[in-house]
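Protein chains: 4
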Amino acid sequence: MHTAVPSRAGSPAGAAVKTTRVAVAGATGYTGQELLRILSRHPAVTITAATSSGAPSSSGPRTLPALAHIFAGAITPLDPASLAQDADVVFLALPDKAAAELAPMLVDAGVRVIDLSGAFRLRDQALRARWYPETRALPEGLAYGLTELERPSVEGARLVANPGCYPTATLLALRPLVSAGLIAPGADIVVDAKSGVSGAGKTPSERTHFSEVHGSVAAYSVFGHRHGAEIEQGAGCQVNFVPHLMPFDRGILSTIYVRVTPGTTEASLSAAYEGTYGGEPFVRLTGSALPEIKHVVHTNFCDIGWRVDASGRAVLVSVIDNLLKGASGQAVQNMNVMLGLDQATGLW
Amino acid sequence: MHTAVPSRAGSPAGAAVKTTRVAVAGATGYTGQELLRILSRHPAVTITAATSSGAPSSSGPRTLPALAHIFAGAITPLDPASLAQDADVVFLALPDKAAAELAPMLVDAGVRVIDLSGAFRLRDQALRARWYPETRALPEGLAYGLTELERPSVEGARLVANPGCYPTATLLALRPLVSAGLIAPGADIVVDAKSGVSGAGKTPSERTHFSEVHGSVAAYSVFGHRHGAEIEQGAGCQVNFVPHLMPFDRGILSTIYVRVTPGTTEASLSAAYEGTYGGEPFVRLTGSALPEIKHVVHTNFCDIGWRVDASGRAVLVSVIDNLLKGASGQAVQNMNVMLGLDQATGLW
Amino acid sequence: MHTAVPSRAGSPAGAAVKTTRVAVAGATGYTGQELLRILSRHPAVTITAATSSGAPSSSGPRTLPALAHIFAGAITPLDPASLAQDADVVFLALPDKAAAELAPMLVDAGVRVIDLSGAFRLRDQALRARWYPETRALPEGLAYGLTELERPSVEGARLVANPGCYPTATLLALRPLVSAGLIAPGADIVVDAKSGVSGAGKTPSERTHFSEVHGSVAAYSVFGHRHGAEIEQGAGCQVNFVPHLMPFDRGILSTIYVRVTPGTTEASLSAAYEGTYGGEPFVRLTGSALPEIKHVVHTNFCDIGWRVDASGRAVLVSVIDNLLKGASGQAVQNMNVMLGLDQATGLW
Amino acid sequence: MHTAVPSRAGSPAGAAVKTTRVAVAGATGYTGQELLRILSRHPAVTITAATSSGAPSSSGPRTLPALAHIFAGAITPLDPASLAQDADVVFLALPDKAAAELAPMLVDAGVRVIDLSGAFRLRDQALRARWYPETRALPEGLAYGLTELERPSVEGARLVANPGCYPTATLLALRPLVSAGLIAPGADIVVDAKSGVSGAGKTPSERTHFSEVHGSVAAYSVFGHRHGAEIEQGAGCQVNFVPHLMPFDRGILSTIYVRVTPGTTEASLSAAYEGTYGGEPFVRLTGSALPEIKHVVHTNFCDIGWRVDASGRAVLVSVIDNLLKGASGQAVQNMNVMLGLDQATGLW
């Protein structure tokens, strides 16, 4: 039982003209709910559909108590034809297989799509066949939505493959150094990533059972996590990526170990990062004061810090909220870019 | 080290006219930081001062890494004269003693004050002498800022005593039943409250040392917590209030045990709550589906649920984020009411 | 892969004569594993069988990594005939229904049984029909295994109904006051209990999914938890029992609100508790310094503290480890009593 | 207030002859309390003194509620002369500086000393001058107490430098591969370690304040943690060690990234580990099923797992309880070795 949702006159978005129609497919999962939360307050869009495969008949506030008084619409069964007709932009917060099937249909129907699954992230056919075999082909107009580093291609994209959470945290720290030629060639790159449990989604399992996670830490998918391939694609080199499941809900901290080229100092890294992110609202550079997860949870920020020693070893630390900058926040950031809005609209 | 703060064009507040000058005294504590976070995005105010007794020389982003790219101002030493001159509204996020001294000075200087300490919450002189002996007198124009229930007196107040976190969660659930005459007279009222650690503030202590709290629960201040007096003042009757320290950071869940008058049912309670909160944006009524802390953290909501059995026992459950609806969020809500704005402005 | 289990020469139990054969039915759940851990080190028993319905073919160390080098036996499918033949004492760590069927068969076969399920806890036929309808009748030689308070009947029992975790924590605090006549008749008794998640068992569910529990608290089963009936049976009066799910793994803290008879003081309660528990190794009385969960986790202790005010209100706080004193530890304590051993054998 | 401690007849240790007198200096810290807990049940020793600098007048059960009914002795002020006279073995759970001063005095007085501080861990004079400048010289009869790998020197030692928690977890995994020549020379070794907060001790600080740690992760002391030097000493090569503070109380998981020599497989590592630890009770080898912290908390085990890929990259994962195998448990293990007892005595 909920009271009627009151008028939203108090919202700063109240007076805006909401001209773009958006839909969320897979609205009841953790990333789906974050999308509803953000888009409900976004000054330039109206949510015209929110779908769920699992809850054909229930209404939004009933199954989504955290969204009462925020999102007042109904959760309806997924219907591709309706989505294509009722929305200008569709967010897919679906399993890889469902997204692999639905995205091309929507793109063909003229809808712009932002896909939070992994289905369209890997460009290499062989890698895709291994990690996402359900993806048959890459549509035209595809962009990889690591916003700060791929903005031009996102602007005109018809389909944005929203990056994985681990690749977002890792590549935002690693790429500026690769681009600046500061990484010593041939040396191993180690990415030791620590993630909260919400990254595993909403479906209960032994792995995510509270009593199995609380007070513990576990490495998993060593040499076998598909985000490893995505990181290597973005970094352009081999990376030894090991994710760890942590006893908290939200956030990723990625510790990255590299060798830098001779003569490279902390100041060299500062210059590379400042040159890349100087005007970016959502990347905060902390230098030698390393960032912590608590600084970024419930925000769209990525905080990056770094240390370099005299022998050329460097440690980079990057933190994000995996559900926001690592998923739904960056998805809306990409939508803003696609719509020609300021990229931070609705994300403060 | 931080990059320069980018322009705020992406904020929906960007275009608003910020005509009211506000200051935060005690800006580096947990409630102070929440105030800076909210007020930085508020469309109708400009932060003209943020003070801290502990950090006279450091700049904001340096000591407050979570606020980088959000609040770009300096943290300065507390100077009452400057505050009175530079701000129309001052928020006091200070210890009781400091607030007891500063608030009357500011009110006399014509500044409107919202005090998050306990200094001015108790109207009874004897109780105040026991719990807040540093408070010498109550200024004129004083309101108790439990917004939904005290809005008229907040509107014209010169000084708002912002309620304690436990009283906010408890009284929002209890008062409508008291007002409707649904509580059986003479029967004990038990309030078993569970709070996250952030309510204890930012100063390290053995009680709040991580290793002492993790995986544990502790009752404290039995028969001796000053919020008990505040709850009894608001409820108008004796209450057996026992707070418990919980192993999480944010949020309060208050479980309230009462006897209801003969014939009272869950529907009776629904009617009382709907009548009180029907149009309120920040109170969500969940009925017999009891609310949980995770639904309200990082929001200004108070969620209330209830159960009644055939023998007249009732259990009420109320949840809030102690730093928002229990402190800084409600403080801004009160400011909005004082300024004639929609009460939800800047709080979504 | 595990190394061979080394000889146990280092164990203080190494030289003991292990004459009693014990079996654990349901050995892979949380309470079953605790039983294996304790019984493997117990100086007077040998584990002759450990069964699981879910894992007919796998060996112990493989599926129970925490027990490698502790328990080296195999986990086998449940076979009632073998259990009756191979064991003198059988622990049932099974669902209620399975225990309700198996226990009478084993008792009839001459085996002594300690049942950790709820199947045989309620003596009242009507209550049992409501909460444990699968229990057809109570066998002769049945004892309720709240050891400190029921030792004489446990000594000669053929079947021990091991108490629930909430009743253990609550009744050990409440019963001495009831017995001493210190509880004011007619006044409500409120039991607000806080439990770790391991009490919900090992099967994943949405309720126990890490992301749903972390950083949150939830009241559940208000007016409808079967442990409420068990508490009322033990206390001999009506009790308003509300359990809460907490974000930690192990432990229960029960806060009990009662009215005491006129003239009753904290010293009165001390006398009642000292009189009941003065010689007990596993009950620790903390007086007005209230106990905390961290003091008892991973032990078989129950710590009890209390406060009384001048108006006759009393607050009792009792803490246990729900898997030990609230389940497997107390089960072994009961076995010790049945076997004529010191009750603490194997439990330090 | 506590009841009198009951007789310990139930303890399996009850009948043993306790011939060795032991003392704990620094008994109220986390490692000191663990020592008292273990030694109170140890069948071959009697605790003759437990000292604390901070609590000269209070008794044990009063300040150590978790040890009520376990340790009944008094906590007394530290007095070196008494220690030397009253104990055969002294455990030092003191700050480095205090241990650096006290240990030589005790050794000179003929007492055998097990030092849990870092004061005597580093053999290299220059390194010691940097990390432990208060240590003036290394006494004769000094052993480094990584028990499984240094047992012969521990047996006859007069002073055992008990290893650090990070070095224990890391070196038990790394050393067998170094000894077997399986590590590719010249390649970087990365040790990314995750530790619970109890490793930081009992003194409150901003770093260990609950609200700063809960739900977060932080890398710290990059290129500057003294355990890095201890790891390099034990490994015999340079290691890039970065510790991380984790939101739980007990346990360390060390993820170790190495390059192995050509042709080395997982089976090669298995052989090396089996050869080293085949008969060891406290090292459990899990192979490719990587260990997790929850399997070892509250035990003296070190669990080690490993993965190797076709390109010669290896990932080793090692877990311990930092207060037991990483401190007090290993200290007692070393005492057992020094006294000619089975090394596992009192540690199950």
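Chain order of the listed sequences is A, B, C and D. Counting from 0, one number per residue, gives the positions in the first sequence under numbering that gives the first Met the number 0. Counting from 0, one number per residue, gives the positions in the second sequence under numbering that gives the first Met the number 0. Counting from 0, one number per residue, gives the positions in the third sequence under numbering that gives the first Met the number 0. Counting from 0, one number per residue, gives the positions in the fourth sequence under numbering that gives the first Met the number 0. Glycine residues also receive a C-beta, built at the ideal position from the N, C-alpha and C atoms.
In three-state terms, what does DSSP make of residue i?
| i | result |
| --- | --- |
| S327(D) | helix |
| D248(C) | coil |
| V383(A) | Because chain A is modelled from 0 through 347, residue 383(A) falls outside the range shown and cannot be assessed. |
| V196(D) | helix |
| F209(A) | helix |
| C301(C) | strand |
| S253(D) | strand |
| G277(A) | coil |
| L141(B) | strand |
| G286(B) | strand |
| V153(B) | helix |
| A271(D) | helix |
| A73(C) | strand |
| N161(C) | coil |
| S52(A) | coil |
Starting from residue i, find everything on chain C with Cβ-Cβ shorter than 9 Å and list it in chain order.
| i | result |
| --- | --- |
| R249(D) | Ordered by position in chain C, no residue passes the 9 Å Cβ test against R249(D), which lies about 10 Å from the chain. |
| P79(D) | The premise fails here: P79(D) is roughly 32 Å from chain C at the closest Cβ pair, so nothing lies under 9 Å. |
Answer yes or no: does any C-beta atom of chain A fall closer than 7 Å to that of residue i?
| i | result |
| --- | --- |
| P203(C) | yes |
| P64(B) | yes |
| E324(D) | The displayed chain sequence assigns Lys, not Glu, to residue 324(D). False, the Cβ-Cβ gap to chain A never drops below 7 Å. |
Using only the heavy atoms of the ligand FAD, determine whether one of them is closer than 6 Å to the beta carbon of residue i.
| i | result |
| --- | --- |
| L93(C) | Among the ligands in the structure shown, none appear at all, so the ligand FAD cannot be discussed. |
State buried or exposed for residue i, treating a residue as buried only when at least 16 other CB atoms are found within 10 Å of its CB.
| i | result |
| --- | --- |
| R36(D) | buried |
| D341(A) | buried |
| E205(B) | exposed |
| A163(B) | The sequence given here places Gly at residue 163(B); Ala does not occur at that position. Label assigned to G163(B): buried. |
| P184(C) | exposed |
| Q329(D) | buried |
| P76(B) | exposed |
| A128(B) | exposed |
| A217(D) | buried |
| T202(C) | exposed |
| K324(C) | buried |
| G277(B) | exposed |
In chain B, which residues lie less than 7 Å from residue i when you measure between Cβ atoms?
| i | result |
| --- | --- |
| N161(C) | Result: empty, since nearest Cβ-Cβ is about 24 Å, beyond 7 Å. |
| S197(D) | S210 |
| R122(A) | The premise fails here: R122(A) is roughly 30 Å from chain B at the closest Cβ pair, so nothing lies under 7 Å. |
Quick one: does residue i have its CB under 7 Å from some CB of chain G?
| i | result |
| --- | --- |
| N239(C) | The structure shown contains no chain G; the protein chains it does contain are A, B, C and D. |
Counting only C-beta atoms, is residue i closer than 7 Å to chain B at any point?
| i | result |
| --- | --- |
| R150(A) | no |
| V174(A) | Correcting the residue type first, residue 174(A) is Arg in the shown sequence and not Val. Taking Cβ atoms only, chain B never reaches closer than 7 Å to R174(A), which makes this a no. |
| V190(C) | no |
| R135(A) | no |
So residue i contacts chain A; which residues on that side make the cut at Cβ distance below 9 Å?
| i | result |
| --- | --- |
| Y29(C) | S210 |
Could you tell me whether the Cβ of residue i comes closer than 7 Å to any Cβ of chain C?
| i | result |
| --- | --- |
| V314(B) | yes |
Anything in chain D within Cβ reach of residue i, meaning under 7 Å, just list it in chain order.
| i | result |
| --- | --- |
| A67(C) | R283 |
Under 7 Å between C-beta atoms, does residue i make it to chain D?
| i | result |
| --- | --- |
| W347(C) | yes |
Within 7 Å of chain D by C-beta, residues of the segment 284-307 of chain A in sequence order: L289, E291, I292, K293, V296 and R306
Contact list for the segment 210-234 of chain D against chain B, Cβ threshold 7 Å: S210, V212, H213 and G214
Short-range partners of chain A found in the segment 249-282 of chain B, where Cβ spacing is below 9 Å: S269, Y272, E273, Y276, G277, G278, E279, P280, F281 and V282
Output, in sequence order along the chain, the residues in the segment 36-51 of chain B whose CB is closer than 8 Å to any CB in chain D. none
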